[in-house]
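Trainee: Dropping the structure in here first, questions after.
Residue numbers (my numbering): -11 to 247.
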């Protein structure tokens, strides 16, 4: 279907940009520890392009700074995005990726509105799982590298902390942050908007830097040097955003929380 659209109008850059977005995002987040996979992350962000990089950077900064103020819109948008990217991945198997993406995206967004409290709980848990998985993979790699100094080939390392068990970190984050949503609603909203906003902003900034030829090699080598770099680049702004949103909303309590 995508090929037919491109052949019908070769100058239709919107279709090309849209396809690039969906393919990059589905490839990037096909693993739970996506941020810790520097090599594949660089390749996917290079394919993303400068246009979507700027969109990600702006949207991420807005969500990072004012996520709680517009948390309903952010929740619905995130639900729609998850539905679209998941639908695109499923739709590739029946040669109708954009149709399935649009249908599931609309369905997820509509369902999230009346179930706002539960949607926040789900996204809070997913944010915790995402951070937990990537920190586990990054820290495990750093520990294994430290324990195998002098061994240049990672394939010959003696494993101290298995990186492939990143799902343990994801499970811990999922349980802790998911249950947090039912106890401290505002903190859960601030957390998932900070994490998602930071992720979008950092990935957008990296993709934008990779789009400039003079900086491409330096940025690529810096990201792939250690698996803990990108998770830390996402975690630090997320913590700053969480603190700023909590500080700005001090005294408001759980105002705006659904019953």
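Glycine included, every Cβ here is placed at the ideal spot set by N, Cα and C.
Find out if the Cβ-Cβ distance for the pair residue 195, residue 36 is shorter than 8 Å.
Mentor: yes
Trainee: How many Å lie between residue 189 and residue 81 at the Cα?
Mentor: 31 Å
Trainee: Between the alpha carbons of residue 174 and residue 114, how many angstroms are there, rounded?
Mentor: 16 Å
Trainee: Can you tell me whether DSSP reads residue 105 as helix, strand or coil?
Mentor: It is helical.
Trainee: Let me confirm a value: residue 77 is counted as buried when at least 16 other C-beta atoms fall within 10 Å, else exposed. Which label applies?
Mentor: buried
Trainee: Would you mind stating whether residue 29 and residue 218 have Cβ atoms separated by less than 8 Å?
Mentor: yes
Trainee: State the DSSP-derived secondary structure class of residue 230, mapped to helix, strand or coil.
Mentor: helix
Trainee: Tell me where the alpha helix (DSSP H) around residue 94 begins and ends.
Mentor: 85 to 100
Trainee: Would you call the CB atoms of residue 121 and residue 21 closer than 8 Å?
Mentor: Cβ atoms of residue 121 and residue 21: closer than 8 Å.
Trainee: Please classify residue 32 as buried or exposed, where buried requires at least 16 other C-beta atoms within 10 Å of its C-beta.
Mentor: buried
Trainee: Mark residue 129 as exposed unless 16 or more other C-beta atoms lie within 10 angstroms of its C-beta, in which case mark it buried.
Mentor: buried
Trainee: When you compare the CB positions of residue 192 and residue 45, do they come within less than 8 Å of one another, or not?
Mentor: yes
Trainee: For residue 147 versus residue 107, is the C-beta spacing smaller than 8 Å?
Mentor: Not a contact, by the Cβ cut-off of 8 Å.
Trainee: Is it right to say residue 40 is buried, meaning 16 or more other beta carbons lie within 10 angstroms of its own, or is it exposed?
Mentor: By the neighbour-count rule (16 or more Cβ atoms within 10 Å), residue 40 is buried.
Trainee: Which of the three DSSP states, helix, strand or coil, is assigned to residue 250?
Mentor: Only positions -11 to 247 of the chain appear in this structure, which leaves residue 250 out of reach.
Trainee: Considering residue 80, what are the terminal residues of the alpha helix (DSSP H) in which it resides?
Mentor: Premise fails: residue 80 is in no alpha helix (DSSP H) and is neither H nor E.
Trainee: Residue 170 to residue 109, Cα distance in whole Å?
Mentor: 7 Å
Trainee: Between which two residues does the alpha helix (DSSP H) holding residue 12 run?
Mentor: 1 to 16
Trainee: Please classify residue 1 as buried or exposed, where buried requires at least 16 neighbouring CB atoms within 10 angstroms.
Mentor: exposed
Trainee: What residues in its chain sit with their C-beta under 8 Å from that of residue 227, if we drop five residues either side in the sequence?
Mentor: 182
Trainee: Could you have a look at residue 181 and say whether DSSP puts it in helix, strand or coil?
Mentor: If DSSP states are grouped into helix, strand and coil, residue 181 belongs with the helices.
Trainee: Where does residue 21 fall in DSSP's three states?
Mentor: coil
Trainee: Take residue 19 and list the residues in its own chain whose beta-carbon comes closer than 7 Å to its own, dropping the five residues that flank it on each side.
Mentor: 25
Trainee: For residue 168, which residues in the same chain have their Cβ closer than 7 Å to its Cβ, ignoring the five residues on either side in sequence?
Mentor: 112, 175 and 176
Trainee: Taking its Cβ as the centre, do 16 or more other Cβ atoms sit within 10 Å of residue 178, making it buried, or is it exposed?
Mentor: buried
Trainee: Whole angstroms are fine: how far does the CA of residue 93 sit from the CA of residue 6?
Mentor: 15 Å
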